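Asker: Okay, here's the structure, questions in a sec.
Numbering (this note's numbering), first residue to last: 3 to 107.
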């Protein structure tokens, strides 16, 4: 993501991070802050923090309801929890945007 957001994406983008506790949460936030610093010749990215509460339960429910095992590079939900929580947080952010557009037209 550092290369994609930092060097390739000239337009500003929402850098969505889940709000996580502990050292991992602090590291993710620091890295996202770096990505959102002003960049010469490019629009500034926006840091968007999204609550992660309930996301794991939603992901497990999706697996149970569909019968499809979530996996990324052959790692499942328990082996790569952070990746799935980050993706789900981005999905939650998109949902908020769509809901706001539906209300405000």
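Ideal Cβ positions, reconstructed from N, Cα and C, are used throughout, including at glycine.
This one's a predicted model, so the numbers in the text were calculated from it and none came from an experiment.
Which residue spans inside the region 69-94 form an unbroken alpha helix (DSSP H) run of at least 4?
Answerer: Counting only runs of 4 or more, we get nothing.
Asker: On the three-pair Cβ rule with 8 angstroms, is the region 39-54 touching the region 9-20?
Answerer: They touch, by the three-pair rule.
Asker: May I ask you to report which of helix, strand or coil DSSP gives residue 101?
Answerer: For the purposes of this step, residue 101 is identified with residue 99 of the chain shown, where counting begins at 1. Three-state DSSP puts residue 101 in a helix.
Asker: Using C-beta distances below 7 angstroms, list every residue in its chain close to residue 1, excluding the 5 sequence neighbours before and after it, in chain order.
Answerer: With the chain represented from 3 up to 107, any question about residue 1 goes unanswered, as that position is not in the structure.
Asker: Less than 8 angstroms between the CB atoms is what I'm expecting for residue 37 and residue 90, so what's the real figure, rounded?
Answerer: Your numbering for residue 37 matches position 35 in the chain shown. Your numbering for residue 90 matches position 88 in the chain shown. Not quite, the Cβ-Cβ distance comes to about 20 angstroms (not below 8 angstroms), so this is no contact.
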